[in-house]
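In what follows, a single structure is set out as structure tokens and then discussed.
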Amino acid sequence: MEFLIFGTLGFWILMGVLTVSMFIWIEWEKGFFASFTVIGTILVMQFLVEINILRYVWENLGTMLMYGGLYFVAGTVWSVIKWWFFVHRHLDRYENAKLVFLREKNVDAIRGEEIPDALKAEWTANVGKYYRPMSDEYIRPDDVRPKNIRPKAYSHKSRVLMWMTYWPWSLVWTVINDPIKRLFREIYYRIANLLDNISKHVFRNVEKDFASTPPPPGSEDVAASPDEAPRPRARR
1 MEFLIFGTLG FWILMGVLTV SMFIWIEWEK GFFASFTVIG TILVMQFLVE
51 INILRYVWEN LGTMLMYGGL YFVAGTVWSV IKWWFFVHRH LDRYENAKLV
101 FLREKNVDAI RGEEIPDALK AEWTANVGKY YRPMSDEYIR PDDVRPKNIR
151 PKAYSHKSRV LMWMTYWPWS LVWTVINDPI KRLFREIYYR IANLLDNISK
201 HVFRNVEKDF ASTPPPPGSE DVAASPDEAP RPRARR
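Sequential numbering from 1 applies to the sequence shown in full-length UniProt numbering.
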């Protein structure tokens, strides 16, 4: 097919579809579909465009082995860098979950603040309701414990192998996607307290409409003076 020959519009459309598809599979962490896309593209180039890829590799075996070795070295280096981004994303999710828990307990906490000692036992027992570690293996909420909060490489084997195998697309997508997301997250974290202060100022009079604590049941029978015993009700 002449319209898929290198340099033609059809060729660049095919490469564009390949690139966008790989970005999607890497973002969704679908290694099988990434492999299917790459193999499918190679087969199209081999049989439809009539580029004899296998013969080219055989005729330039030494050069291809050298490039292959460099490819695997680059993939290994990239997997370490990508792991750094990954564990920081884990930490962001954990800190957000902790903040939700503290605010449910009416603790006016800020991001990164340590769980108070009085709530540590409850947080330890219920952390799985707020935070689910990302792993190749399914972890039930009841099984989330401090020991599996931190990401461990052996629990992310398929993910790391995907980064290594398809590192060119993983690298480009990370450069495009991760810094932008991280930038906006950092901006949000920086201005979150400012936004809360604005909200508190605007609603400063609203809190006066509510009792500080709800009255306990039967409080209408309690005498005004704390030293005065409540009067018994008359029997009918």
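For each residue, glycine too, the CB sits at the ideal point set by N, CA and C.
Would you kindly work out how many angstroms separate the C-alpha atoms of residue i and residue j, rounded to a whole number?
i	j	result
Phe11	Leu102	55 Å
Leu194	Val127	28 Å
Met45	Gly112	51 Å
Gly68	Ala121	52 Å
Asp92	Leu18	31 Å
Arg236	Trp123	With a pLDDT of only 44 at Arg236, under 50, the local geometry of the prediction cannot be trusted, and the value read off the model is given with reservation. Cα to Cα, Arg236 sits roughly 51 Å from Trp123.
Leu54	Val77	28 Å
Ile187	Asp196	14 Å
Val29	Ile115	Position check: residue 29 holds Glu in this sequence, whereas Val was assumed. Approximately 32 Å between the Cα atoms of the pair.
Val80	Arg204	49 Å
Phe72	Ile149	30 Å
residue 237	Lys200	With the chain covering only 1 through 236, there is no way to say anything about residue 237.
Leu14	Asn52	18 Å
Ile42	Trp83	29 Å
Ala109	Lys98	9 Å
Ile198	Pro133	34 Å
Tyr189	Tyr131	19 Å
Asp221	Ile191	Confidence at Asp221 is low in this model, with a pLDDT of 44, below 50, so the placement of that residue is unreliable and no value is reported for it.
Met66	Glu59	14 Å
Trp167	Leu70	12 Å
Pro215	Asn106	With a pLDDT of 48 at Pro215, under the threshold of 50, the modelled position of this residue cannot be trusted; read the value that follows with caution. Straight-line Cα distance between these residues: approximately 18 Å.
Lys208	Leu119	28 Å
Tyr154	Lys147	14 Å
Leu61	Gly40	23 Å
Gly16	Trp25	14 Å
On the CB-based measure, 16 or more other CB atoms within 10 Å of its CB, does residue i come out buried or exposed?
i	result
Gly75	buried
Val160	buried
Tyr163	Correcting the residue type first, residue 163 is Trp in the shown sequence and not Tyr. Trp163 comes out buried.
Asp22	For clarity, residue 22 is Met in the given sequence; the question names Asp instead. Looking at its Cβ environment, which holds 16 or more other Cβ atoms inside 10 Å, Met22 is buried.
His156	buried
Thr37	buried
Thr63	exposed
Considering only C-alpha positions, which residue in the set the options is nearest to residue i?
i	options	result
Ser170	Arg182, Asn148, Val206 and Phe85	Phe85
Ser158	Glu59, Ile176, Gly31 and Phe72	Gly31
Thr165	Arg132, Ile42 and Ala34	Ala34
Lys129	His156, Asn106, Tyr154 and Val100	Val100
Glu95	Ile39, Thr174, Tyr154 and Arg185	Arg185
Thr8	Val49, Ile24 and Val20	Val49
Ala125	Val202, Pro168 and Val144	Val144
His90	Pro151, Ile26, Ile24 and Glu27	Pro151
Glu27	Met64, Val172 and Thr63	Val172
Val87	Arg182, Ile24, Gly40 and Val20	Arg182
*Write down every uninterrupted run of the alpha helix (DSSP H) in the segment 115-188 whose length is 4 residues or greater and which is fully enclosed by it, in chain order.*
117-130 and 157-165
_Which runs of the beta strand (DSSP E) at least 3 residues long sit entirely within the segment 59-102? Give them in chain order._
none
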